[in-house]
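*Asks:* Sharing a structure with you now.
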Amino acid sequence: MSELVLVINAGSSSIKFSLFETSAADPIVLFKGQMEGLYVEPKFSAKDAADNKVANETLPSDAPKNHDYALRYMLNWLESRIEGRSIAVIGHRVVHGGTTYSKPELVTPEVIAGLEALIPLAPLHEPHNITPIRVLEELLPNVPQVTCFDTAFHTTQPELNQLFALPYEFSQKEGIRRYGFHGLSYEYIASVLPEIDTRAAEGRTVVAHLGNGSSMAALLGGRCQLTTMGFTALDGLPMGTRCGRIDAGVVLHLMNHLKMDAKQIETLLYKESGLLGLSGFSSDMRDLENSDSPRAKLAVEYFASSVVREAASLAAAIGGMDALVFTAGIGENDANTRKAVCHQLRWLGVELDEAANAVRSSEPRRISLADSKIAVYVIPTNEELMIARQALACIA
Ligand code: ADP
552 MSELVLVINA GSSSIKFSLF ETSAADPIVL FKGQMEGLYV EPKFSAKDAA
602 DNKVANETLP SDAPKNHDYA LRYMLNWLES RIEGRSIAVI GHRVVHGGTT
652 YSKPELVTPE VIAGLEALIP LAPLHEPHNI TPIRVLEELL PNVPQVTCFD
702 TAFHTTQPEL NQLFALPYEF SQKEGIRRYG FHGLSYEYIA SVLPEIDTRA
752 AEGRTVVAHL GNGSSMAALL GGRCQLTTMG FTALDGLPMG TRCGRIDAGV
802 VLHLMNHLKM DAKQIETLLY KESGLLGLSG FSSDMRDLEN SDSPRAKLAV
852 EYFASSVVRE AASLAAAIGG MDALVFTAGI GENDANTRKA VCHQLRWLGV
902 ELDEAANAVR SSEPRRISLA DSKIAVYVIP TNEELMIARQ ALACIA
């Protein structure tokens, strides 16, 4: 008998869900959707397994606009679709596991207390990950819940790569260290690599998760050795609206000379920088590539050159590179960015197959020439499937 697995990915203004069925070897999606616009104008939408839109509703204006109500609404909708079948387990994406959690955890009161203790490390995200766990505990008290952490995959990084060169006590006592994020995406890529390229799976692979949020990771035998995001999801590559790597002295200057306070600096670095800040009009790579604006061009070039620099730096950390993998929104869809990155990495041994790179497909594929020293792949990521697998494994 197949089981149903509900995957929840909650943020500050949206809750995404996927419902999986486990009759096949790997869970398959029955429905996926989201409640967006929380606290403003919540809208619920959902698609079925064949990608047909099966819900597109704006909530009544007098309905509560919070996470709690959104989850109840979502669950009601799902229950009307699953015809009396019950959910076997719920998997939650949780942004931060700190140094406490290096693998998925079955939710208990102790785990909830542990997550609350981590709120200072991710104040903008962790509370929104905890709320759905509490609400679903009340709504479905007999269904086990599992937390799947975005940081867990990076706990294999050697200590050297987890440190900042601050006084050592800051990492030991205050937890100020490089955690890394997007771990569920990297773990998914590592899980499919053995079927695609055993040399890449067993060897030195750099994965570029390039989306609205972007980061890269260096894997040795499928285990993370170094990643570009650090203490927060602000470090490393520039992103849609986040600045990426920045000299910490800039923050001091903003405070001391421009008299900006912490909230203003947070808004600047998280919401007004990156592709949006450089171009002046959009955080979406598609808009920038369709524009003639010199600043859009600058933003696109800055992004690709940052990927190149990080790729070379990550390769140095693992003693070379057997394979380079592109994934997420930009990595999977943007042939121009892939081409710019690969051309600038020719000196390292990347030979792009231009025709293969130009093909649009949702399947994993190789885009380097047969004799390229470094094999280059596009592999669509699937963080929800990773969570479903982890949740099932945790209750098995
Ligand atoms: P998130 O980090 O929100 O999960 P995604 O991984 O979905 O983001 O990536 C979203 C980004 O992918 C968008 O900002 C857009 O710039 C980019 N993107 C999607 N499709 C294309 C495309 N065909 N060409 C260029 N960029 C694309």
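Per the working numbering, the sequence shown starts with residue 552, numbered consecutively.
Note that beta-carbon positions come from the ideal geometry of N, C-alpha and C, so glycine has one too.
#1: Helix or strand or just coil, what does DSSP make of I559?
#2: Would the segment 687-702 and the segment 644-651 be scored as touching if the rule is three or more Cβ pairs under 8 Å?
#3: If we count Cβ pairs, one from each stretch, closer than 8 Å, do we get three or more for the segment 813-828 versus the segment 780-796?
#4: Does the pairing of the segment 554-563 with the segment 928-946 give three or more beta-carbon distances under 8 Å?
#5: Would you please state the rounded distance, in angstroms, between the beta carbons of I930 and P695? I believe it to be under 8 Å.
#6: Leaving out the 5 sequence neighbours to the left and right, which residues in its chain are closer than 6 Å to I681 when beta-carbon positions are compared?
#7: Across which residues does DSSP place E587 in a beta bridge pair?
#8: Between which two residues does the beta strand (DSSP E) containing M767 stretch?
#9: Is N884 a contact residue of the ligand ADP, with contact defined as CB to any heavy atom under 6 Å?
#10: Ignoring anything shorter than 4 residues, give me the alpha helix (DSSP H) runs that lie fully in the segment 761-823, in order along the chain.
#11: Any idea what DSSP makes of V859, helix, strand or coil?
#12: By the three-class DSSP mapping on this structure, what secondary structure does S912 have?
#13: For N763, which of G825, D748, T778 has the nearest alpha-carbon?
#14: The ligand ADP and N763: does any heavy atom of the ligand fall closer than 6 Å to the residue's C-beta?
#15: Can you give me the C-alpha to C-alpha distance between P593 and M780, rounded to a whole angstrom?
#16: With a threshold of 6 Å on Cβ separation, who are the neighbours of L805 within its own chain once the five nearest residues in sequence on each side are excluded?
#17: On the criterion of 16 or more Cβ atoms from any shown chain inside 10 Å, does D577 qualify as buried, or is it exposed?
#18: F571 to A600, Cα distance in whole Å?
*Replies:* Looking at the coordinates:
#1: Residue numbering aside, residue 559 sits at position 8 when the sequence shown is read from its first letter. Looking at I559 - three-state DSSP - the assignment turns out to be strand.
#2: yes
#3: yes
#4: yes
#5: Here residue 930 refers to the residue found at position 379 of the sequence shown. Here residue 695 refers to the residue found at position 144 of the sequence shown. Not really, about 30 Å apart at Cβ, beyond 8 Å.
#6: Along the sequence shown, read from residue 1 onward, the residue named residue 681 stands at position 130. Only L666 meet the Cβ criterion.
#7: Position 36 of the sequence shown, counted from the start, is the residue given in the question as residue 587. Its beta-bridge partners are K594.
#8: Counted from its first residue, the sequence shown places residue 767 at position 216. Residues 765-771.
#9: Taking the first residue of the sequence shown as 1, we reach residue 884 at position 333. Flag set: Cβ of N884 near the ligand ADP.
#10: 799-807, 813-822
#11: Against the sequence shown, residue 859 aligns to sequence position 308. Reduced to three states, the DSSP call for V859 is helix.
#12: For this step, residue 912 is matched to residue 361 along the sequence shown. Three-state result, S912: coil.
#13: Your numbering for residue 763 matches position 212 in the sequence shown. Measuring from the Cα of N763, the nearest candidate turns out to be G825.
#14: Translated into positions along the sequence shown, residue 763 becomes position 212. Yes, the Cβ of N763 comes within 6 Å of a heavy atom of the ligand ADP.
#15: Walking along the sequence shown from the start, residue 593 turns up at place 42. Walking along the sequence shown from the start, residue 780 turns up at place 229. Cα-Cα distance, rounded: 31 Å.
#16: Walking along the sequence shown from the start, residue 805 turns up at place 254. Once the five neighbours on either side are set aside, the close Cβ partners of L805 are M811, I816.
#17: Here residue 577 is taken as the residue at index 26 of the sequence shown, counted from 1. Exposed, by the Cβ-count rule.
#18: What you label residue 571 is simply residue 20 of the sequence shown in a count that begins at 1. What you label residue 600 is simply residue 49 of the sequence shown in a count that begins at 1. Their Cα atoms are separated by approximately 10 Å.
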